[in-house]
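Participant: Sending over a structure as structure tokens; questions will come in a sec.
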Amino acid sequence: MANLLLFITGSFFKLCSFSLLILFLISCSSFPSTEAYDPLDPNGNITIKWDIRSWTSDGYVAVVTIYNFQQYRHIQAPGWKLGWTWPKKEVIWSMMGGETTEQGDCSRFKGNIPHCWGVLNSWAQDPATAASSFQLSVGQSGTTNKTVRVPVNFTLKAPGPGYTCGPAKIVKPSRFVTPYGRRETQAMMTWNVTCTYSQFLAQEAPSCCVSFSSFYNDTIVPCSKCACGCQNTSQPGSCVESKASHIALVANSYTPLVRCTSHLWPVRVHWHIKLNYKEYWRVKITITNFNYNMNYTEWNLVVQHPNFDNLTQSFSFNYKSITPYTAINDTAMLWGVKFYNDMLLEAGPLGNVQSELLFRKDKATFTLEEGWAFPRRIYFNGDNCVMPPPNVYPGLPNSCSHQLTSALGLLVTLLAAMALLFGHA
Numbered sequence: 051m052a053n054l055l056l057f058i059t060g061s062f063f064k065l066c067s068f069s070l071l072i073l074f075l076i077s078c079s080s081f082p083s084t085e086a087y088d089p090l091d092p093n094g095n096i097t098i099k100w101d102i103r104s105w106t107s108d109g110y111v112a113v114v115t116i117y118n119f120q121q122y123r124h125i126q127a128p129g130w131k132l133g134w135t136w137p138k139k140e141v142i143w144s145m146m147g148g149e150t151t152e153q154g155d156c157s158r159f160k161g162n163i164p165h166c167w168g169v170l171n172s173w174a175q176d177p178a179t180a181a182s183s184f185q186l187s188v189g190q191s192g193t194t195n196k197t198v199r200v201p202v203n204f205t206l207k208a209p210g211p212g213y214t215c216g217p218a219k220i221v222k223p224s225r226f227v228t229p230y231g232r233r234e235t236q237a238m239m240t241w242n243v244t245c246t247y248s249q250f251l252a253q254e255a256p257s258c259c260v261s262f263s264s265f266y267n268d269t270i271v272p273c274s275k276c277a278c279g280c281q282n283t284s285q286p287g288s289c290v291e292s293k294a295s296h297i298a299l300v301a302n303s304y305t306p307l308v309r310c311t312s313h314l315w316p317v318r319v320h321w322h323i324k325l326n327y328k329e330y331w332r333v334k335i336t337i338t339n340f341n342y343n344m345n346y347t348e349w350n351l352v353v354q355h356p357n358f359d360n361l362t363q364s365f366s367f368n369y370k371s372i373t374p375y376t377a378i379n380d381t382a383m384l385w386g387v388k389f390y391n392d393m394l395l396e397a398g399p400l401g402n403v404q405s406e407l408l409f410r411k412d413k414a415t416f417t418l419e420e421g422w423a424f425p426r427r428i429y430f431n432g433d434n435c436v437m438p439p440p441n442v443y444p445g446l447p448n449s450c451s452h453q454l455t456s457a458l459g460l461l462v463t464l465l466a467a468m469a470l471l472f473g474h475a
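Right, dumping it as structure tokens:
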């Protein structure tokens with residue numbers, strides 16, 4: 051088996067302290083999971099389809115297509131990178147829609163040197179689409195269905211780690227319709243590879259946090275501090291006060307360079323309960339980027355709240371309902387308006403986007419008590435954000451204290467009146 055690994059790149063409340071400690075440990079240890087199952091997108095995956103379109107004298111011509119079947123996890127710049135291992139001594143003679151850049155062993159060839167490289171940079175990718183493809187001519191391989199061997203050890207980075215790919219499976223050959231729809235053609239042979247995402251594999255710690263506030267309480271619930279593994283502030287350069295003094299660290303790097311804050315998360319999502327009308331209530335969402343090393347292009351937010359079945363208007367974000375379970379409509383995907391706020395810029399004065407949501411009340415369920423009006427879960431760019439603990443959610447003013455104050459006031463008034471009455475007796 052050849053050891054040549056090929057890559058392709060493209061743009062696509064209260065508890066005792068002991069109980070709290072246990073709760074903290076459970077939350078930190080239970081977050082990382084290598085399982086790729088996502089309850090909000092149970093069927094989400096990236097599928098790689100490899101179609102052999104024709105045979106050549108020493109191999110074949112194939113079209114490889116990458117389909118993103120994930121509802122809200124996209125692949126942003128600098129794009130995806132696909133890799134595999136050849137089972138024999140295959141080489142790539144030519145490439146369309148990509149360019150090979152890492153050379154393998156081509157020593158046995160004289161004169162017409164093939165593309166034995168490994169990394170393929172995809173061209174002209176449209177970020178609005180969910181598929182990307184390239185064509186390659188493979189040599190030194192089988193020339194029939196019985197002699198060709200499928201590649202192994204597929205890997206996918208988009209653009210970093212997080213995806214695990216299964217083995218290639220030979221499936222029914224794909225069928226294609228000619229441009230004018232006059233006839234159908236069929237692939238000589240087709241195999242599929244399915245890749246699934248795990249947030250734990252992608253990064254050691256979460257990349258975003260959530261904070262809360264409300265019109266009825268002066269308390270602002272900040273992001274939880276990076277308890278489950280964030281950047282170590284004792285290390286020089288782990289956070290910076292400004293970008294200007296750390297230009298060298300910022301340039302050409304995708305490692306987060308986070309602005310120094312009390313929480314040290316790269317991205318914060320703030321949910322503010324703004325107004326409460328008779329039949330409606332209103333929320334303001336602000337997403338802030340504290341990362342000097344990243345502009346988030348084509349960003350998206352997924353929010354789970356029971357009142358999304360009655361969302362009346364999203365003022366400056368696009369909105370789509372996500373219903374993985376048809377009987378429950380409590381999840382929404384929000385993303386920026388193209389050419390207006392579809393890019394979340396790097397940390398700084400412009401590094402935030404915001405919008406407001408207007409919900410119609412369901413009198414049977416709506417309440418501002420016990421944190422009902424705050425979201426159950428939030429994802430930013432497909433990654434689960436860390437939520438504040440429920441015992442610190444902004445609460446309604448304590449009506450019991452007002453009642454007690456009123457009762458004490460009445461009692462004092464009665465006692466004063468009785469003292470005056472007995473004093474004149």
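If you want my numbering, it's the position in the sequence shown, counting the first as 1, plus 50.
Idealized CB from N, CA, C, for every residue including glycine.
Every value quoted in this text rests on a predicted model; they were computed, and no experiment measured them.
State the start and end residues of the unbroken alpha helix (DSSP H) segment that holds Ala252.
Facilitator: The count along the sequence shown starts at 1 and reaches residue 252 at position 202. Taken as a continuous stretch (DSSP letters only), the alpha helix (DSSP H) holding Ala252 covers 249 to 252.
Participant: Give me the Cα-Cα distance between Met145 and Thr246, rounded to the nearest whole angstrom.
Facilitator: To locate residue 145, count along the sequence shown from 1; it is residue 95. To locate residue 246, count along the sequence shown from 1; it is residue 196. Spanning the two alpha carbons is a distance of roughly 27 Å.
Participant: At the 8 Å Cβ level, is Pro217 part of the contact set with chain B, yes or no?
Facilitator: This model lacks chain B altogether; it includes just one protein chain.
Participant: Quick test of the definition: if touching needs 3 or more C-beta pairs under 8 Å, does the stretch 365 to 380 touch the stretch 323 to 331?
Facilitator: Touching, no.
Participant: Please work out which residues of its chain come closer than 7 Å, Cβ to Cβ, to Pro447, disregarding the five sequence neighbours upstream and downstream, and give them in chain order.
Facilitator: What you label residue 447 is simply residue 397 of the sequence shown in a count that begins at 1. Correct list, in chain order: Tyr266.
Participant: Tell me which same chain residues have a C-beta within less than 8 Å of the C-beta of Ser212, skipping the five on either side of it?
Facilitator: In the sequence shown, residue 212 corresponds to position 162, counting from 1. According to the sequence displayed, residue 212 carries Gly and not Ser. Excluding sequence neighbours, Gly212 sits near Tyr247, Ser248, Gln249, Leu251, Ala252, Gln253.
Participant: In whole angstroms, what separates the C-alpha of Lys275 from that of Pro439?
Facilitator: Stepping through the sequence shown from its first residue, residue 275 is reached at position 225. Stepping through the sequence shown from its first residue, residue 439 is reached at position 389. Computed Cα separation, rounded: 12 Å.
Participant: Looking at Ser263: is its Cβ nearer than 8 Å to the Cβ of Pro444?
Facilitator: Locating residue 263 in the sequence shown gives position 213, counting from the first residue. Locating residue 444 in the sequence shown gives position 394, counting from the first residue. In contact: Ser263 and Pro444 (Cβ atoms closer than 8 Å).
Participant: Using three-state DSSP, classify Phe365 as helix, strand or coil.
Facilitator: By 1-based counting over the sequence shown, the position of residue 365 is 315. In this structure, Phe365 counts as coil in the three-state DSSP scheme.
Participant: In this structure, how does DSSP classify Leu400 when only helix, strand and coil are distinguished?
Facilitator: Numbered from 1 along the sequence shown, position 350 holds the residue referred to as residue 400. Of the three classes helix, strand and coil, the one that applies to Leu400 here is coil, per DSSP.
Participant: So, at 7 Å on beta carbons, what are the nonlocal neighbours of Arg426 in its own chain, with the 5 sequence-adjacent residues on each side left out?
Facilitator: Position 376 of the sequence shown, counting from 1, holds the residue named residue 426. For Arg426, where only same-chain residues beyond five positions count, the Cβ hits under 7 Å are Gln354, His355.
Participant: For Lys99, list the residues DSSP reports as bridge partners.
Facilitator: Within the sequence shown, residue 99 is the residue found at index 49, counting from 1. Beta-bridge pairing links Lys99 to Thr115, Asn242.
Participant: DSSP beta-bridge partners for Met146?
Facilitator: Counting from 1 along the sequence shown, the entry for residue 146 is found at position 96. DSSP lists Gln185 as partners of Met146.
Participant: So Phe340 packs on Val308, CB below 8 Å; how close in whole Å?
Facilitator: The count along the sequence shown starts at 1 and reaches residue 340 at position 290. The count along the sequence shown starts at 1 and reaches residue 308 at position 258. Sure, about 5 Å apart at Cβ, within 8 Å.
Participant: Tell me, which residues are paired with Arg427 by DSSP?
Facilitator: For the purposes of this step, residue 427 is taken as residue 377 along the sequence shown, with counting starting at 1. BP columns for Arg427 point to Gln354.
Participant: Rounded to the nearest angstrom, what separates Thr417 and Asn441 at their Cα positions?
Facilitator: Along the sequence shown, read from residue 1 onward, the residue named residue 417 stands at position 367. Along the sequence shown, read from residue 1 onward, the residue named residue 441 stands at position 391. Approximately 17 Å between the Cα atoms of the pair.
Participant: Do Val333 and Phe430 have their C-beta atoms closer together than 8 Å?
Facilitator: The count along the sequence shown starts at 1 and reaches residue 333 at position 283. The count along the sequence shown starts at 1 and reaches residue 430 at position 380. Result no, Cβ atoms of Val333 and Phe430 do not sit closer than 8 Å.
Participant: I'd like to check one pair, Ile428 with Leu351: are the Cβ atoms closer than 8 Å?
Facilitator: Sequence index remark: in the sequence shown, residue 351 carries index 301 (1-based). Sequence index remark: in the sequence shown, residue 428 carries index 378 (1-based). Result yes, Cβ atoms of Leu351 and Ile428 sit closer than 8 Å.
Participant: Pairs of beta-carbons, one from the stretch 224 to 236 and one from the stretch 86 to 98, closer than 8 Å: are there three or more?
Facilitator: Touching, no, given that fewer than three Cβ pairs across the two stretches are closer than 8 Å.
Participant: Could you check if Cys435 is buried or exposed, using at least 16 other CB atoms within 10 Å of its CB as the buried criterion?
Facilitator: On the sequence shown, residue 435 is found 385 positions in, with the first residue counted as 1. The residue in question, Cys435, is buried, as its Cβ has 16 or more Cβ neighbours within 10 Å.
Participant: Exposed or buried, which one is Asn476 when buried takes at least 16 other CB atoms within 10 Å?
Facilitator: With the chain running from 51 to 475 in the structure shown, residue 476 is simply not present.
Participant: When the Cα atoms are used, what is the spatial distance from Thr121 to Ala255?
Facilitator: In the sequence shown, counting from the first residue as 1, residue 121 sits at position 71. In the sequence shown, counting from the first residue as 1, residue 255 sits at position 205. A quick correction: the sequence has Gln, not Thr, at residue 121. Gln121 and Ala255: Cα-Cα distance of roughly 23 Å.
Participant: Where does Val227 land, buried or exposed, given buried means 16+ other C-beta within 10 angstroms?
Facilitator: As a first step, residue 227 is located in the sequence shown; it is residue number 177 there, counting from the start. The residue is exposed, with fewer than 16 neighbouring Cβ atoms inside 10 Å.
Participant: Report the option in Ile220, Ile116, Lys222 whose CA atom is closest to the CA atom of Ala181.
Facilitator: Position 131 of the sequence shown, counted from the start, is the residue given in the question as residue 181. The shortest C-alpha separation from Ala181 is found at Ile116.
Participant: For Asp359, name the three-state secondary structure that DSSP assigns.
Facilitator: Here residue 359 refers to the residue found at position 309 of the sequence shown. Helix at Asp359.
Participant: Does the Cβ of Phe119 have 16 or more other Cβ atoms within 10 Å, making it buried, or fewer, making it exposed?
Facilitator: Counting from one through the sequence shown, the residue named residue 119 turns up at place 69. When all chains shown are included, Phe119 counts as exposed.
Participant: Mind checking which residues open and close the beta strand (DSSP E) that includes Ala208?
Facilitator: What you label residue 208 is simply residue 158 of the sequence shown in a count that begins at 1. Looking at the DSSP string, Ala208 is not in any beta strand (DSSP E), and its letter there is neither H nor E.
Participant: In the DSSP assignment, find the beta strand (DSSP E) that holds Gly129 and state where it starts and stops.
Facilitator: Against the sequence shown, residue 129 aligns to sequence position 79. Run containing Gly129: none; DSSP gives neither H nor E here.
Participant: Leaving out five residues before and five after Arg346 in sequence, what residues of the same chain have Cβ atoms less than 6 Å from its Cβ?
Facilitator: Taking the sequence shown and counting its residues from 1, the one referred to as residue 346 is at position 296. Per the sequence shown, the amino acid found at residue 346 is Tyr instead of Arg. Result list for Tyr346: Leu394, in chain order.
Participant: Is it buried or exposed, Asp412, if we count other Cβ atoms within 10 angstroms and call 16 or more buried?
Facilitator: The sequence position of residue 412 within the sequence shown is 362, counting from 1. When all chains shown are included, Asp412 counts as exposed.
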